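Asks:
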Amino acid sequence: MISGNGIIPITLITAEQSSTFSNYDAANAIDGDPETWSQTKDGKDILIWFRVIFDDIYCVDKVKLVEISEPSARHNNWRMKNTHITVIDSNSADQSTAQECNTLTHEMIDEAEDSETSTFELECPENEIVCGDGVELQVTHPSAFSYPAAIRLGEIKVFATHCPHNRIFIGTTCVSVLSGKP
């Protein structure tokens, strides 16, 4: 059965971040283990970013951020307040090609404070198609904020509703129209 309405997980091939706190490398956020994590150094009045690159070009439906579940780490959610999530073309030096997907808001963080885990599912706008070969998270906190900005992720997962070029959606997999294989 061919369907264009499914949600497929995107294969993330690389991760990088603006800086690394201790040994919490960006690759930890795509290793499949939420107990390892990535973390940038924190700061105020500086741009902090985290980026993942896909195995192809996709139209992104949502981005799932999984934070560390331990209660003592919950303050790190506030370091990510106002994190902007954009879909990017990693081959373009032109930043204007980035397309806004969503923003991690104060209200979302408040809701997570009441749950056992801090998982944020941020959907891209329904009326827009945002396509690219990567996702970038960016945050800056001015000096007036109580917490400096930082990005700390147990895992990041990205989902698409459209397959890349020369592939069709069959069941839950994008399959090549040329070979009939994933």
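The sequence shown lines up with residues 1 to 182 when you count with this note's numbering. The beta carbon of each residue, even a glycine, is placed where N, CA and C say it ideally should be. This structure is a prediction, so every number in the text was calculated from the model and none was measured.
#1: T97 by DSSP, collapsed to three states: which one?
#2: Return the CA-CA distance between P148 and T140, expressed in angstroms with no decimal places.
#3: Among all the DSSP beta bridges, which residues are the ones paired with E136?
#4: Using three-state DSSP, classify I151 as helix, strand or coil.
#5: Got a sec, what are the start and stop residues for the beta strand (DSSP E) T14 sits in?
#6: Just confirm the distance between the C-beta atoms of T103 and T119, as a whole number of angstroms; I'd bet it's less than 8 Å.
#7: The alpha helix (DSSP H) that contains S77, what's its start and end?
#8: Whole-angstrom Cβ separation of V52 and V87, contact assumed at under 8 Å?
#9: Our contact map puts V66 next to G132 with C-beta atoms below 8 Å; I'd like the distance itself, whole angstroms only.
#10: I'd like the list of long-range same chain contacts for K64, defined as Cβ closer than 6 Å, with 5 residues on each side in sequence excluded.
#11: Span of the beta strand (DSSP E) holding E238?
Replies: According to the structure data:
#1: Within the sequence shown, residue 97 is the residue found at index 97, counting from 1. T97: helix per DSSP, three-state reduction.
#2: In the sequence shown, counting from the first residue as 1, residue 148 sits at position 148. In the sequence shown, counting from the first residue as 1, residue 140 sits at position 140. So the two alpha carbons sit approximately 8 Å from each other.
#3: The residue you call residue 136 lines up with position 136 of the sequence shown. According to DSSP, which records beta bridges pairwise, E136 is partnered with R51 and T86.
#4: Within the sequence shown, numbered from 1, the residue matching residue 151 stands at position 151. In this structure, I151 counts as coil in the three-state DSSP scheme.
#5: Counting from one through the sequence shown, the residue named residue 14 turns up at place 14. L12 to Q17 is the extent of the beta strand (DSSP E) around T14.
#6: Translated into positions along the sequence shown, residue 103 becomes position 103. Translated into positions along the sequence shown, residue 119 becomes position 119. The pair is not a contact, with the Cβ atoms about 16 Å apart (cut-off 8 Å).
#7: The residue labelled residue 77 in the question sits at position 77 within the sequence shown. In the sequence as displayed, the identity of residue 77 is Asn instead of Ser. Residue range H75 to R79 is occupied by the alpha helix (DSSP H) that includes N77.
#8: Residue numbering aside, residue 52 sits at position 52 when the sequence shown is read from its first letter. Residue numbering aside, residue 87 sits at position 87 when the sequence shown is read from its first letter. At roughly 11 Å, the Cβ-Cβ gap does not stay under 8 Å, so V52 and V87 are not in contact.
#9: For the purposes of this step, residue 66 is identified with residue 66 of the sequence shown, where counting begins at 1. For the purposes of this step, residue 132 is identified with residue 132 of the sequence shown, where counting begins at 1. Wrong, their Cβ atoms sit about 22 Å apart, outside the cutoff.
#10: Looking up residue 64 in the sequence shown gives position 64. The answer, listed in chain order, is E121 and K157.
#11: Here the chain has residues from 1 to 182 only, and residue 238 is not among them.
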